[in-house]
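Asker:
In our numbering, the protein residues as written are 1032 to 1305.
#1: Return the chain-ordered list of same chain residues with a C-beta closer than 7 Å to the C-beta of residue 1231, the five sequence neighbours on each side being excluded.
#2: Less than 8 Å separating the beta-carbons of residue 1141 and residue 1201?
#3: Could you tell me the alpha carbon to alpha carbon distance between residue 1043 and residue 1229, rounded to whole angstroms?
#4: For residue 1134, which three-state DSSP category applies?
#5: Is the region 1046–1053 in contact with the region 1276–1286, if contact means three or more CB pairs nearer than 8 Å?
#6: Whose C-alpha, out of 1151, 1237, 1164, 1239, is nearest the C-alpha of residue 1199?
#7: My assumption, with CB atoms under 8 Å, is that residue 1122 sits in contact with residue 1133. Please give the rounded CB distance.
#8: Which word fits residue 1205, buried or exposed, when buried means at least 16 other C-beta atoms lie within 10 angstroms of its C-beta?
#9: For residue 1057, which beta-bridge partners are listed by DSSP?
#10: Ends of the beta strand (DSSP E) at residue 1182?
#11: As an exercise, report each continuous beta strand (DSSP E) stretch of at least 3 residues that is fully enclosed by the region 1212–1294, in chain order.
#12: Give the list of continuous beta strand (DSSP E) stretches no shorter than 3 residues that lie fully inside the region 1100–1185.
#13: Do you know how far the Cα of residue 1278 is from the Cα of residue 1072?
#14: Is residue 1108 buried or exposed, if buried means 16 or more other CB atoms sit within 10 Å of its CB?
#15: Taking the continuous alpha helix (DSSP H) assigned at residue 1197, which residues delimit it?
#16: DSSP on residue 1190, reduced to helix/strand/coil?
#17: Out of 1248, 1046, 1234, which one is the CA nearest neighbour of residue 1262?
#18: The alpha helix (DSSP H) spanning residue 1097 covers which residue range?
#19: In the DSSP assignment, the alpha helix (DSSP H) including residue 1071 goes from what residue to what residue?
#20: Distance, Cα to Cα, residue 1167 vs residue 1221?
#21: Measure the Cβ-Cβ separation of residue 1128 and residue 1177 and say whether it is below 8 Å.
#22: Taking the C-alpha atoms as reference points, what is the distance between residue 1183 and residue 1081?
#23: Which same chain residues, not among the five before or five after residue 1064, have their C-beta less than 8 Å away from its C-beta?
#24: By how many angstroms is the C-alpha of residue 1250 removed from the C-alpha of residue 1098?
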């Protein structure tokens, strides 16, 4: 069966107002999962703060959110810059009055070489986005999250469970992010702040679709051949869409998860059992 024709339970999903009255901050909002997180949160009733480097795109997403009946504050920010991070936290609280959840969604992928062959500066650059930015943003939002009894969610990756040499640089930063989330859950827990992680495998969205096209061109096969190859290890025989990953993530932001902290939720259609 081709990727395009593979049915999913998401086709019959109906949103409910799980996040009504909550303010959700999302970093690194762009096409794919960032966009889906924003739209699905809006469909659940949340007010959004959209942070990213491309203001025009953020405004387009804010317009989509307005059409869904809620609002979004657009903040152009490079989250690797401390002044931008501080301004993001200040504006979110000053203009919306509260923050209930910070979703650290931004990511950077270092060169896909065996780790001994990656220049150290490239690893440092990736860790600025994947580790240090989430750490600093979590610290900057901690007072607001304590006031709301809110939460932090780290977007991680199932690359943490992989040993392919070409993924090793990315695994280094995502493995570190997992440990960071665990440490923050322990440190911030006494303040009533929950910290969790979400680990998708291949999310079937534009970036991975283009990657599958490239893999197909290299192997002399079709896109659907690559899709079937990547989906074969999963229990459901398919890959998760960005909307499905977003909904699982937002469960952790909701009041259904008030006793869940220090966990990493794997969203991979059953590829890895953890």
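Positions of the beta carbon are idealized from the N, C-alpha and C atoms, including for glycine.
Since this is a predicted model, take the numbers as computed values, not measurements.
Answerer: In short, the structure shows the following:
#1: Counting only Cβ-Cβ distances below 7 Å, and skipping sequence neighbours, we find 1188, 1189, 1271, 1276, 1298, 1299.
#2: yes
#3: 23 Å
#4: strand
#5: yes
#6: 1151
#7: 14 Å between Cβ atoms; not a contact.
#8: Per the 10 Å Cβ criterion, buried.
#9: The beta-bridge partner set that DSSP reports for residue 1057 consists of 1081, 1134.
#10: 1182–1186
#11: 1225–1231
#12: 1103–1107, 1132–1135
#13: 8 Å
#14: buried
#15: No alpha helix (DSSP H) contains residue 1197, which DSSP labels as neither H nor E.
#16: In the three-state reduction of the DSSP assignment, residue 1190 falls in the helix class.
#17: Ranked by Cα distance from residue 1262, the options 1248, 1046, 1234 are led by 1234.
#18: 1086–1098
#19: Where residue 1071 is concerned, the enclosing alpha helix (DSSP H) stretches over 1064–1074.
#20: 19 Å
#21: Cβ distance not < 8 Å, so residue 1128 and residue 1177 don't count as in contact.
#22: 15 Å
#23: 1136, 1186, 1231, 1234, 1236, 1273, 1276, 1277
#24: 43 Å
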